[in-house]
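Residue numbering for the sequence shown follows the numbering used here, starting at 1207 and increasing by one per position. Yeah, the Cβ is synthetic: ideal placement off N, Cα and C, and Gly gets one too.
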Amino acid sequence: MVEKNYYVRRIAQALITVWAAITFSFATVRLIPGGPMDYIAAQIRQRSGGAVSTTRLNQMVEMYSNVNPDKPMLQAYVEYIVSVAQFDFGRSIFYAQPVWDVLGPAIPWTMFVSLFALVIGTIMVFLIGGFLAVHEGDSWDVVGSYFVIFSDAVPYYIVGLVLLFTLGFGTEFFPNGGRYDNALTPGFNVEFMASVLRHAALPIMSFALTSWGGLEFRAHCTRIIGEDYVDVAELRGLPDSRIQLRYIGWNSMLPMYTGLMAGLASLFGGSVIMEQIFRYRGMGFYFYEATMARDYTTVMAAVILFTLVTVIGLLIADFTYGFIDPRAGHTQRESYSRSYRETLQRFVNRLRGGGADETETIDDRIEGNRISSSGAMSFDVDSSDFSRGEYIRERIDQSLLTPFRIIWTSPRARVGAIILGIFGFLGLFGPYIVRPVEPFQGDILLQPLENMAYPLGTDDIGRDLLAQQVLATRPMLIMMLSGAMLTLGLAIFFGVTSGYLGGVIDKVLMTVTDVMMNIPGLALVIVLAVILEPKSPVFVGFVLAIDNWPRLARQLRSQVLTIRGESHVEASRVLGLPTSSILSKNVMSRLMPMLTMGTVGSMRNILMESVGLYFIGVLPFTTSNWGVILNVARTGGALSGMDRFHWLLAPILFIVTMTYGLQLFAQGTDRLFNPRLRARHAATVSTDDMEGGRGGSEGGDGAASAAD
């Protein structure tokens, strides 16, 4: 019965997600002043020379958008949903044909590239992650782990540009664009299929080499290697190949199955940038073309279709997981929030002023009277036991110096912190160090290191490339920090609140989160960027945060569900401590590692997405940043030869170094919030405290050190 209810809920959730995408599309077209509907009307007036009546104009607007401006809102909304359900999305202004005729035939091409990339990436995860787990702790593991971190830090479009230059323009072994050779007749024959594979090879390689989680699979493998059933299999004398594949590999792949299927959504959304690079005419290509032409009807239809394909993929993953892993089950969770009756009773008792009662909390009693009338217990602290100087030294040691010592003992965190520190310095002081960028300040197209006054060379009009990258660092940092802060705030509100309170609040907040997570975020961000045209780096960061908070909120909720059942949280709840106090003191402190890594991860994602959107020209060029420089370099012919490729390589160097530093720092800071490590590195912690916390820490700390 539970399984049946789960399937019903998942189907209902999928329908809600699709409905939300359709509603967003309708609201965008109909409600935004000066938005898509007004733009369509202006285009029609321009094409007709203004000689069109209002009635005829509204009829033509309805023909293009499937939304009639004259009809009541509810009626127009219902008719729009009915037409979309029949795959009637209106007529494209840019392509001058029905929208479905434009996007429908392009979907299989995008699915072809995405599925192939997912399969190849999964095989690489399985082989490399398993290999690193088997060689845990040796040199292969160390070198391989750093390689995996680096490959995960490089944006897929950067790999695409490098492959296009080396294997496309460089060797001409692979085509530079298109879906197949135009001289061939489409059909199921060897020549045509070979041409399709050759044209799709570079986009597939670009996705497969970057969209994988080798370290995550390695972690699952190392955990399962220590399980009892693996030891039993070894004692039975089973072949090593069978143990590694059937016992370790298969069971390690199961926890990643849903995540791998969810990765299909990321690949599908990333097709907008990738297909533009390779001129591959899939759904992302037409979505981009319609976006730049302000063909809002096609844009909104593409968002709906992106969402539909993503939801179907996730449904398949969820429904098939139970068949792959029979242990998988779905259970309801209990709500730990106070009842409304209890909350109301506490409020009434406070109004009466009758003192402590059965619903009064410990905090209420402490605030009301520090010492009981009998004088049996006092919560006061003798201030003579501590001097202000000692208190300040202890706070500085534990809040600043101890984290620094822990980070410095982790090679990954240390290297990542150094890289981020360098970029922070460049962001703050770079504009005062480098010379202003001006045309013809150096010779045209100087190669790197050819003239040490311009270490990275110059562009096609003699501008210093190093100075351009340094000056672009500050707006990039502002964009990343503002987006990360909004991501963190939304994730904490949705994830922590729903995870701790549970019940109806949990269902409502998680429904909103799941809907936002299932709608391809990059497509949604592109639509908002075209409509809002954000110019400030802070505003751009806020827009990009829309694509990053849902996944972090989900992760926080899962962690809170575990924390709220622990003994110290249960004891605080039994004592009657307020929910706000429990969340701040018992829950949030345990979430700090995930919050730190989530913040760094969101900064990385915002960096990669912003550069990609600036590169393809979706975001307005109001500030100089690495994405704008990439765009200018490519349009200036940086892919046409070795004498110009350094123009493209300069921003790539800064982008990859920054993302690699963020990735290393996130990987290394998980040790920062280990209480035993903090006690070991804190100068103000007594020897007795360290000895008391050392008993069960040797294994964990040793494992952490070995991982680094």
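Boundaries of the alpha helix (DSSP H) in which D1720 is found, first to last residue: Per DSSP, the continuous alpha helix (DSSP H) segment holding D1720 begins and ends at G1709 to N1724.
Rounded separation between A1439 and A1425 - CA only: 20 Å
Sheet register partners of T1664 (DSSP bridge): Looking at the DSSP assignment, T1664 forms a beta bridge with D1670.
Alpha-carbon spacing of V1744 relative to T1829, whole angstroms: 12 Å
Inter-residue spacing [alpha-carbon to alpha-carbon] between L1783 and V1838: 58 Å
Span of the alpha helix (DSSP H), counted from its first residue to its last, around P1314: I1313 to M1330
S1412 - containing alpha helix (DSSP H), residue span: Its alpha helix (DSSP H) spans residues V1396 to A1414.
Segment limits, alpha helix (DSSP H) that includes P1617: Looking at the DSSP string, the run of the alpha helix (DSSP H) that includes P1617 is P1617 to I1639.
Range covered by the alpha helix (DSSP H) that runs through T1875: First-last for T1875: undefined, no H or E at that position.
Boundaries of the alpha helix (DSSP H) in which Q1493 is found, first to last residue: Checking the displayed sequence, the identity of residue 1493 turns out to be Phe instead of Gln. F1493 -> alpha helix (DSSP H) spans M1489 to M1498.
Through-space distance from S1778 to I1835, alpha-carbon basis: 54 Å
Backbone CA spacing between R1547 and L1707 [nearest angstrom]: With a pLDDT of only 46 at R1547, under 50, the local geometry of the prediction cannot be trusted, and no value is derived from it.
Residues near I1725 in its chain [Cβ-Cβ closer than 6 Å; skip 5 each side]: Cβ within range, chain order: A1227 and T1513.
Three-state secondary structure (DSSP) of R1216: helix
Residue burial classification, V1214 (beta-carbon count within 10 angstroms, cutoff 16): With fewer than 16 other Cβ atoms within 10 Å, it is exposed.
Cβ separation of R1641 and A1678, assumed to be a contact under 8 Å, to the nearest whole Å: Not quite, the Cβ-Cβ distance comes to about 15 Å (not below 8 Å), so this is no contact.
Identity of the residue in G1343, T1875 and G1350 nearest G1335 by Cα: G1350
Short Cβ contact (8 Å threshold) for G1366 with F1484: yes
Collapsed DSSP secondary structure at S1543 in the structure displayed: Unreliable placement is indicated for S1543, whose pLDDT of 43 sits below 50; the coordinate value is still reported in the next sentence. Three-state result, S1543: coil.
Burial state of P1314 (16 or more Cβ within 10 Å): exposed
Residue range of the unbroken alpha helix (DSSP H) whose run includes S1790: Careful: S1790 lies outside any alpha helix (DSSP H) and carries neither H nor E.
Spatial neighbours of T1802 in its chain, beta-carbon cut-off 6 Å, leaving aside the 5 residues before and after: T1875
Nearest neighbour of I1222, chosen from V1517, G1633 and G1701 [CA to CA]: V1517
G1804 versus G1823, I1769, S1790 and Q1869, residue with shortest Cα-Cα distance: G1804 has its Cα closest to that of Q1869, out of G1823, I1769, S1790 and Q1869.
DSSP beta-bridge partners of P1935: For residue 1935 there is no data in the structure shown, the boundaries of the chain being 1207 and 1914.
Three-way DSSP call (helix, strand, coil) for M1269 in this model: helix
Chain-order list of residues whose beta-carbon lies under 7 Å from that of A1623 (same chain, five-residue window excluded): I1613 and F1871
Cut-off 8 Å between Cβ atoms - residues of its own chain near R1620, not counting five sequence neighbours on either side: I1613, W1614 and G1874
Closest by C-alpha distance to V1305, when choosing among I1510, I1650, F1700 and P1278: I1510
Cβ-Cβ separation, Q1647 to D1670 (assumed contact under 8 Å), whole Å: 6 Å
R1796 versus L1762, I1326 and I1364, residue with shortest Cα-Cα distance: L1762
Simplified DSSP state of T1234, which is helix, strand or coil: helix
Cβ contact (3+ pairs, closer than 8 Å) linking the segment 1695-1706 and the segment 1755-1773: yes
Cα-Cα separation between A1323 and Y1362, rounded to whole angstroms: 12 Å
Among E1342, I1299 and M1330, nearest to A1248 - alpha-carbon criterion: I1299
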